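Let me begin by presenting the structure, written as structure tokens, before commenting on it.
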Amino acid sequence: MNYQYKNEFRHHLVDWFNREKRDLPWRRTSDPYKIWVSEIMLQQTRVDTVIPYYNRFLEKYPTMQSLAYAPQEELLKMWEGLGYYSRARNLQAGVKEVVEKYNAVVPDNRHDLSKLKGIGPYTAGAILSIAYNKPEHAVDGNVMRVLSRVLHIEEDIALPKTRKVFEEAVDMLIDKDYPGDFNQAIMDLGAMICTPTSPKCLLCPVRDYCIAFQEGDTEQLPIKSKKIKTKKVIYNIYVAVDKQGNYLIEKRPNEGLLANMWQFPMIEMTKETTKDAFEKQYNVQIENYLNNDFMKFKHIFSHLTWEMECYLVQVQQLNQLPANAHFLPIGKIRELPMSVPMLKILNILN
DNA sequence: CAGTCGTGGAA
DNA sequence: TTTCCAAGACT
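Sequence positions in the first sequence follow the UniProt record's numbering and run 1 to 350.
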């Protein structure tokens with residue numbers, strides 16, 4: 001794209017943004033911390049989903065200091081249902097480092113920003129351009145989709161190395177006077193006009209500069225290869241009550257899927273799984289099956305599917321429980337952070 | 001690089 | 001019902 005067209009492209013794009021931009025909570029602040037929070041929540045997550053979480057989160061943690069030393073249990077509860085829970089842990093670690101190492105001032109350069117937990121190339125660029133008005137690229141899925149069409153880039157956007165191509169494209173096109181608006185404009189364009197399917201090209205402010213529109217192959221771009229197949233895992237889940245009416249609950253390991261979230265005991269069902277696996281693993285004895293198969297459902301994660309069959313059982317504790325397991329009253333359990341499938345079970349208990 | 005890490009909504 | 005996601009980062 002030649003110099004004159006680049007200028008026109010920028011101005012049409014930013015002018016459109018100023019007319020049509022969505023009124024979003026994080027666009028009502030210039031606080032780098034709040035913009036940081038929004039960018040973390042928005043990773044792989046829809047705007048409509050994020051909004052209520054964002055408002056509640058900043059009401060609870062209005063400053064970096066308030067977040068830096070919050071109990072992780074409370075933090076995870078604030079994140080409950082939003083998914084990708086390591087984001088919450090990394091955000092807190094990053095904020096804590098800014099408080100302690102940078103005197104609670106969010107760094108304004110890519111080098112320092114990128115070293116903070118949870119801040120990758122996109123988020124660094126987003127914070128720098130939106131909060132600090134720095135001409136830094138912020139390449140996300142929207143940017144790759146929009147620019148793959150405008151510039152007719154046919155690289156496979158599923159490959160990590162491809163991001164570099166689009167970063168260079170943004171470096172070439174970005175409006176150095178309004179870098180934050182420019183980056184957000186492409187993202188809004190991708191969300192509202194240049195959508196994955198059925199793009200609204202007739203409403204597009206940069207249609208005249210779009211090679212894919214000229215070629216008539218907008219629907220063929222971007223090119224994306226990778227397809228993920230989800231594996232299936234089958235679990236028996238035991239909602240176990242003792243004589244005092246307390247429920248057996250356990251905390252997941254601090255790494256991996258749903259790290260540090262709480263759950264009802266679950267036993268993976270394989271060919272080798274024995275019938276008394278639950279009793280042996282938790283040192284309890286089932287005295288009574290209160291309700292066989294009182295709930296049966298599946299939950300689909302990004303890369304795997306849980307098929308769950310739930311049992312409501314009365315138990316007696318025989319020996320010491322595993323370290324991360326406890327009998328707790330239902331009221332206490334409702335205060336613990338739990339994954340969506342576990343919440344579905346919890347919600348039908350009285 | 002390829003796999004891991006959640007969820008709810010849209011086509 | 002199935003597929004593909006949506007403002008990615010980490011290992």
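By construction, the Cβ of each residue, glycine as well, lies at the ideal position given by its N, Cα and C atoms.
Note that the structure is a prediction, hence the values are computed from the model and not measured.
**Request:** Decide yes or no for the touch test of the segment 167-175 against the segment 211-231: beta carbon pairs closer than 8 Å, at least 3 of them.
**Result:** No: the two stretches stay apart, fewer than three of their Cβ pairs being nearer than 8 Å.
**Asked** Hey, which unbroken runs of the beta strand (DSSP E) at 3 residues or more fall wholly within the segment 215-270?
**Response** 231-241, 247-251 and 266-268
**the segment 189-200 / the segment 139-146 touching (three or more Cβ pairs under 8 Å)** = yes
**Request:** Return the chain-ordered list of same chain residues with a C-beta closer than 7 Å to the C-beta of residue 206, the five sequence neighbours on each side being excluded.
**Result:** 9, 12, 13 and 150
**Prompt:** So what's residue 202 in DSSP terms, helix, strand or just coil?
**Reply:** helix
**Whole-number beta carbon distance between residue 147 and residue 126, since they are thought to touch under 8 Å** = Contact between residue 126 and residue 147 does not hold, since their C-beta atoms are separated by about 16 Å, which reaches or exceeds 8 Å.
**Request:** Note down, in chain order, each residue of its chain lying with its Cβ closer than 7 Å to the Cβ of residue 348, except the 5 sequence neighbours on either side.
**Result:** Excluding sequence neighbours, residue 348 sits near 295.
**Prompt:** Buried or exposed: residue 163, going by 16 or more other Cβ atoms within 10 Å of its Cβ?
**Reply:** buried
**Request:** State buried or exposed for residue 281, treating a residue as buried only when at least 16 other CB atoms are found within 10 Å of its CB.
**Result:** exposed
**Prompt:** Can you pull the DSSP bridge partners for residue 79?
**Reply:** Note: residue 79 sits in no beta bridge, so no partner.
**Prompt:** residue 120 and residue 91: beta carbons closer than 7 Å?
**Reply:** Contact check for residue 120 against residue 91 fails: the beta carbons are separated by 7 Å or more.
**Contacts around residue 224, its chain only, beta-carbon distance under 6 Å, and the 5 residues preceding and following it disregarded** = 157 and 158
**Item:** CA nearest to the CA of residue 289, picked from 115, 241, 204 and 45
**Value:** 241
**Request:** In the DSSP assignment, find the alpha helix (DSSP H) that holds residue 173 and state where it starts and stops.
**Result:** 163-173
**Request:** Take residue 252 as the anchor and find which of 244, 246, 265 and 245 has the nearest alpha-carbon.
**Result:** 265
**Message:** Which residue wins for smallest C-alpha separation from residue 33, given the options 81, 83, 287 and 68?
**Reply:** With distances taken between Cα atoms, residue 33 lies closest to 68.
**Message:** Check this for me: beta carbons of residue 249 and residue 299, under 7 Å apart or not?
**Reply:** no
**Request:** Output the boundary residues of the alpha helix (DSSP H) element that contains residue 4.
**Result:** From DSSP, the alpha helix (DSSP H) with residue 4 extends over 3-20.
**Asked** Pick from 124, 2 and 129: whose alpha carbon is nearest that of residue 30?
**Response** Nearest option by C-alpha distance: 129.
**Request:** Just tell me which of 135, 322 and 255 has its CA closest to the CA of residue 283.
**Result:** 322
**Item:** Collapsed DSSP secondary structure at residue 34 in the structure displayed
**Value:** helix
**Asked** To the nearest angstrom, how far is it from the Cα of residue 133 to the Cα of residue 346?
**Response** 46 Å
**Asked** For residue 109, which option in 123, 100 and 314 has the closest C-alpha, if you only look at C-alpha atoms?
**Response** Nearest option by C-alpha distance: 123.
**Asked** What is the DSSP secondary structure of residue 286, reduced to helix, strand or coil?
**Response** strand
**residue 230 versus residue 305 - alpha carbon distance** = 6 Å
**Asked** Tell me which same chain residues have a C-beta within less than 6 Å of the C-beta of residue 50, skipping the five on either side of it?
**Response** Around residue 50, the same chain offers 41 and 42 as residues with beta carbons nearer than 6 Å, after the five sequence neighbours per side are excluded.
**Message:** Once the 5 residues before and after residue 302 are set aside, which same chain residues still bring their CB inside 8 Å of it?
**Reply:** Excluding residues up to 5 positions away in sequence, 228 and 230 lie with their Cβ nearer than 8 Å to the Cβ of residue 302 in the same chain.
**Local conformation of residue 332 per DSSP, three classes** = helix
**Message:** Which residue marks the beginning of the alpha helix (DSSP H) containing residue 308, and which one marks its end?
**Reply:** It is not in any alpha helix (DSSP H) - residue 308 instead sits in the beta strand (DSSP E) that spans 304-317.
**Message:** So for residue 291, helix, strand or coil by DSSP?
**Reply:** Reduced to three states, the DSSP call for residue 291 is strand.
**Residues bridged to residue 296 [DSSP beta-bridge criterion]** = 309
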